[in-house]
């Protein structure tokens, strides 16, 4: 996989979920037409994910996708944020979840503490640095995808600033 | 929570009452453990040079330091600490606690850890030092050392439920669900009426898996629903636990050969299986009822009716 594109909706929902739950870990589902095109994010929980939560969330997400889409979308990955500041490494349970979703092409997005701050201060640049999250793929679980490989549907500065406005209006 | 609200309302009344001295108000804030750093600084700073009894003055200075640290006024905290040191000397335990707190605020965690380790070498049961040490190690992402420190604390303070919650958090982060379940079993001893604890325990047992754990899980979900009839999370958990039990049964029976049925010789008791089916039906029925009239009702009915097949 060479690149992954996030829609404005997916980016906004992910960051809003993180903004409204700053002191706990958050988890959610990434939906897309493929693992290189993320079209939506569905928040799941802001507690450690357990089997019943995952089981029901994935079922509800699949039913939602089937109801609202012509069948082109599917669950392609997971997003998360850790509880502690500067803790930007995905935890072992989140990797297990992504492995179960798609062991070959699954995507894991993690909202990072430092760049989250810069996104809220509208310091995201044209290349997406300071956007507030990193993306890992199952093809390389050690190193996050480079900036040039993570794209947004539109201009990074414009989209990130709108996401920041949405988060700030929710009390970030 | 309610007592804090009442205390805060009384504080507002005290602040408006001009006959009350600043010292009285500061004592009130201290006694009721209210978090009012701005008020403490406003009233306390003029008292630093006041003619108070030594114990009263030290108490005020201590309050000023804590309030200054909350307001990120490290210099003010440092000056006040110097004043305390002049009065008590550098070997005073309370002075060392405050010094360590100031060092933490300034980001010098090595120095503050050194002070806490000294306190612990003097007294292994120093609860305050153990807690602060754990907090520092956890914030520095030193998970192994933090867990050891928390372990030491829990060995001496096994009834501290919030500490068990911290340990459970650490276990969750590592995917150690058995460890987290152990912690939550300790928590449920002190909070048997807490629906959240029962729900989490149930979820943990379903996650760990196995027939006995599914049985334990459904008991905790049932207890949660007994305490709070409308708990949606527990209803979903109950459906998940019962489904997992039935799936495991089907899997084991089919792998052991098509001729073997449930019965006396099987480890799957007929009555228990019927109970599980009833519990699942109960969960499904109440979930559909709870979501009726909402925009999620269609989705919930779809997934639950699929699970019945």
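Residue numbers (our numbering), protein chains in the order written: chain A, 21 to 192; chain B, 449 to 757.
Quick reminder that beta carbons are idealized off the backbone N, C-alpha and C, glycines included.
Going along chain E, which residues have a C-beta under 7 Å from residue i?
i                    : result
residue 76 (chain A) : Judged by its chain identifiers, the structure shown contains no chain E, and its protein chains are A and B.
Can you list the residues of chain A that residue i reaches, using a CB-CB cut of under 9 Å?
i                     : result
residue 654 (chain B) : 70, 71, 72, 75
residue 680 (chain B) : What residue 680 (chain B) touches in chain A: nothing, since even the nearest Cβ is about 10 Å away.
residue 723 (chain B) : Within chain A, no residue comes near residue 723 (chain B); the closest Cβ sits about 19 Å away, beyond 9 Å.
Using a Cβ-Cβ cut-off of 9 Å, state whether residue i counts as contacting chain A.
i                     : result
residue 622 (chain B) : yes
residue 617 (chain B) : yes
residue 748 (chain B) : yes
residue 754 (chain B) : yes
residue 751 (chain B) : yes
residue 586 (chain B) : yes
residue 707 (chain B) : Because the pLDDT at residue 707 (chain B) is just 46, under 50, the model does not fix this residue reliably, and the point stays unresolved.
residue 692 (chain B) : yes
residue 651 (chain B) : yes
residue 548 (chain B) : no
residue 697 (chain B) : no
residue 632 (chain B) : no
residue 589 (chain B) : yes
residue 457 (chain B) : no
residue 516 (chain B) : no
residue 729 (chain B) : no
residue 648 (chain B) : yes
residue 428 (chain B) : This structure gives no information on residue 428 (chain B), because the portion of chain B shown stretches from 449 to 757.
residue 628 (chain B) : yes
residue 737 (chain B) : no
residue 402 (chain B) : Nothing can be reported for residue 402 (chain B), as the shown portion of chain B is limited to 449 through 757.
Can you tell me which of the options puts its alpha carbon nearest to the alpha carbon of residue i?
i                     : options                    : result
residue 189 (chain A) : A:35, A:97, A:120, A:113   : A:35
residue 643 (chain B) : B:535, B:516, B:675, B:735 : B:675
residue 547 (chain B) : B:481, B:529, B:668, B:474 : B:529
residue 22 (chain A)  : A:184, A:177, A:174, A:168 : A:168
residue 180 (chain A) : A:158, A:93, A:151, A:159  : A:151
residue 508 (chain B) : B:527, B:474, B:525        : B:474
residue 60 (chain A)  : A:26, A:77, A:68           : A:26
residue 517 (chain B) : B:464, B:504, B:552        : B:552
residue 524 (chain B) : B:532, B:464, B:512, B:534 : B:512
residue 452 (chain B) : B:478, B:464, B:472        : B:478
residue 145 (chain A) : A:175, A:163, A:120        : A:175
residue 731 (chain B) : B:701, B:695, B:687, B:719 : B:687
residue 617 (chain B) : B:638, B:640, B:716, B:591 : B:591
residue 500 (chain B) : B:469, B:671, B:487, B:520 : B:469
residue 119 (chain A) : A:140, A:72, A:160         : A:160
residue 759 (chain B) : B:476, B:680, B:728, B:715 : This structure gives no information on residue 759 (chain B), because the portion of chain B shown stretches from 449 to 757.
residue 641 (chain B) : B:628, B:625, B:670, B:535 : B:670
residue 622 (chain B) : A:77, A:177, A:70          : A:70
residue 685 (chain B) : B:743, B:538, B:667, B:750 : B:667
residue 171 (chain A) : A:52, A:49, A:78, A:57     : A:57
residue 663 (chain B) : B:595, B:720, B:503, B:613 : B:720
Is residue i close to chain B, meaning its C-beta is less than 9 Å from at least one C-beta of that chain?
i                     : result
residue 111 (chain A) : yes
residue 154 (chain A) : no
residue 150 (chain A) : no
residue 128 (chain A) : no
residue 102 (chain A) : yes
residue 105 (chain A) : yes
residue 87 (chain A)  : yes
residue 67 (chain A)  : yes
residue 94 (chain A)  : no
Can you give the beta carbon distance from residue i to residue j, rounded, assuming they're within the 8 Å contact cut?
i                     : j                     : result
residue 66 (chain A)  : residue 44 (chain A)  : 5 Å
residue 561 (chain B) : residue 568 (chain B) : Between residue 568 (chain B) and residue 561 (chain B) the Cβ distance is about 10 Å, and since that is not below 8 Å, they are no contact.
residue 74 (chain A)  : residue 130 (chain A) : Residue 74 (chain A) to residue 130 (chain A), Cβ: 17 Å. No contact.
residue 106 (chain A) : residue 158 (chain A) : Not quite, the Cβ-Cβ distance comes to about 25 Å (not below 8 Å), so this is no contact.
Since residue i meets chain B, which of its residues come closer than 7 Å, beta carbon to beta carbon?
i                     : result
residue 198 (chain A) : Residue 198 (chain A) is absent from the structure shown; chain A starts at 21 and stops at 192.
residue 33 (chain A)  : Neighbours of residue 33 (chain A) on chain B: none; closest Cβ ~17 Å, over 7 Å.
residue 61 (chain A)  : Per Cβ cutoff of 7 Å: no residues; residue 61 (chain A) is ~17 Å from chain B at best.
When every heavy atom of the ligand GTP is checked, does at least one fall within less than 8 Å of the C-beta of residue i?
i                     : result
residue 149 (chain A) : Looking for the ligand GTP in the displayed structure turns up nothing, as the structure carries no ligands at all.
Would you mind telling me which residues of chain B sit closer than 8 Å to residue i, beta carbon to beta carbon, in chain order?
i                    : result
residue 84 (chain A) : 747
Residues of chain B with CB closer than 9 Å to the CB of residue i, please, in chain order.
i                     : result
residue 116 (chain A) : 623
Subject >> Contained beta strand (DSSP E) runs [length at least 3] in the stretch 116-192 of chain A, N- to C-terminal order >> reply: Counting whole runs of 3 or more residues, the stretch 116-192 of chain A contains the beta strand (DSSP E) stretches 127-131, 153-157, 170-172.
**OP:** Scan the stretch 624-703 of chain B and note each continuous alpha helix (DSSP H) run of 4 residues or more that stays entirely inside, going in chain order.
**Re:** The qualifying runs are 625-638, 643-656, 659-675, 680-703.
Original post:
Which runs of the alpha helix (DSSP H), 4 residues or longer, sit entirely within the stretch 464-528 of chain B?
Top reply: Secondary structure remark: continuous alpha helix (DSSP H) runs of at least 4 residues inside the stretch 464-528 of chain B, in chain order: 470-479, 485-492, 502-518.
**OP:** Could you tell me which uninterrupted alpha helix (DSSP H) segments, each at least 4 residues in length, are contained entirely in the stretch 22-104 of chain A, listed from first to last along the chain?
**Re:** Within the stretch 22-104 of chain A, complete alpha helix (DSSP H) segments of at least 4 residues are found at 28-39, 71-88, given in chain order.
Subject >> Runs of alpha helix (DSSP H) lying entirely within the stretch 567-626 of chain B, each at least 4 residues, in chain order >> reply: Those alpha helix (DSSP H) runs which fall completely within the stretch 567-626 of chain B and span 4+ residues are 575-587, 591-604, 609-622.
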